[in-house]
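Some notes on the structure that comes next.
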Amino acid sequence: MHGFGVYHFGNGHHYEGAWHEGRRQGLGMYTFRNGDTQSGHWQNGVHNVSSAQDNLPGLSSAINQSKVLNAVQEARQASERVVSMAKVEERVNSTVAAANKAANAARVAAVKAVQYRMHHDNTDDFLMQSV
15 MHGFGVYHFG NGHHYEGAWH EGRRQGLGMY TFRNGDTQSG HWQNGVHNVS
65 SAQDNLPGLS SAINQSKVLN AVQEARQASE RVVSMAKVEE RVNSTVAAAN
115 KAANAARVAA VKAVQYRMHH DNTDDFLMQS V
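Under my numbering, think of the first position of the sequence shown as 15, with each following residue one higher.
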């Protein structure tokens, strides 16, 4: 996994946040099955408390957690927009495919009409020559 994501562990815990090459990396929030959370900066899958405090000097842990929650929520909203865009793209592709199918059917009908007309013109010419 790479980018933003949510992983539900078999023990009931889950992590929501940034990933890099399958490891928790960057801002994220780990939620234990009892509801307790651990949020902040992660480095190579490990919660890095000192790194989070060094990067945000002078902030209390509550403000730091608020910043992490905001970052996670923004990433979640961005991922939802991407999913929404993918659904729109699927509908566009479906509509284009239907339009192409209709255009091909119209081409086939036009070719058949021309062939029918040519056949009847040739038959009329043959009948006129026979008389």
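For every residue, glycine included, the Cβ atom is placed at its ideal position computed from N, Cα and C.
Should residue i be labelled buried (16 or more other beta-carbon atoms within 10 Å of its own) or exposed?
{"i": "Lys126", "result": "exposed"}
{"i": "Val128", "result": "exposed"}
{"i": "Gln87", "result": "exposed"}
{"i": "Glu94", "result": "exposed"}
{"i": "Ala32", "result": "buried"}
{"i": "Glu35", "result": "exposed"}
{"i": "Met43", "result": "buried"}
{"i": "Glu30", "result": "buried"}
{"i": "Gln91", "result": "exposed"}
{"i": "Met99", "result": "exposed"}
{"i": "Asp68", "result": "The pLDDT assigned to Asp68 is 42, lower than 50, so where the model puts this residue is not dependable, and the model offers no usable value."}
So which of the options has the shortest CA-CA distance to residue i?
{"i": "Leu41", "options": "Ala123, Ala100, Leu83 and Gln91", "result": "Leu83"}
{"i": "Val20", "options": "Ala89, Val60, Tyr130 and Gly54", "result": "Ala89"}
Ordered along the chain, which non-local residues of its own chain (more than five positions away) have a Cβ less than 6 Å from that of residue i?
{"i": "Asn58", "result": "Arg37"}
{"i": "Pro71", "result": "Annotation note: pLDDT 49 at Pro71 (below 50); position unreliable, coordinate value reported separately. For Pro71, where only same-chain residues beyond five positions count, there are no Cβ hits under 6 Å."}
{"i": "His133", "result": "none"}
{"i": "Ser53", "result": "Met43, Gln79 and Val82"}
Using a Cβ-Cβ cut-off of 7 Å (strictly less than) and excluding sequence neighbours within five positions of residue i, which residues of its own chain qualify?
{"i": "Leu73", "result": "For Leu73, the predicted structure reports a pLDDT of 49, less than 50, and the residue's modelled location is therefore unreliable. A value from the coordinates is still provided. Excluding positions up to five away in sequence, the list is empty."}
{"i": "His16", "result": "Trp33, His34 and Glu35"}
Considering only residues of the same chain and omitting the five flanking positions on each side of residue i, which have a CB-CB separation below 8 Å?
{"i": "Ala111", "result": "none"}
{"i": "Gln39", "result": "Ala32, Trp33, Trp56, Gln57, Asn58 and Gly59"}
Tell me, please, whether the CB atom of residue i is closer than 9 Å to any CB atom in chain C?
{"i": "Glu103", "result": "Absent here is chain C; the protein component of the structure consists of one chain."}
### Task
Just list the beta strand (DSSP E) runs in the segment 19-104, keeping only unbroken ones of 3 residues or longer that don't cross its boundaries, in chain order.
28-34, 37-45 and 51-57
### Query
Any chance the segment 19-34 sits against the segment 45-57, with 3 or more Cβ pairs inside 8 Å?
yes
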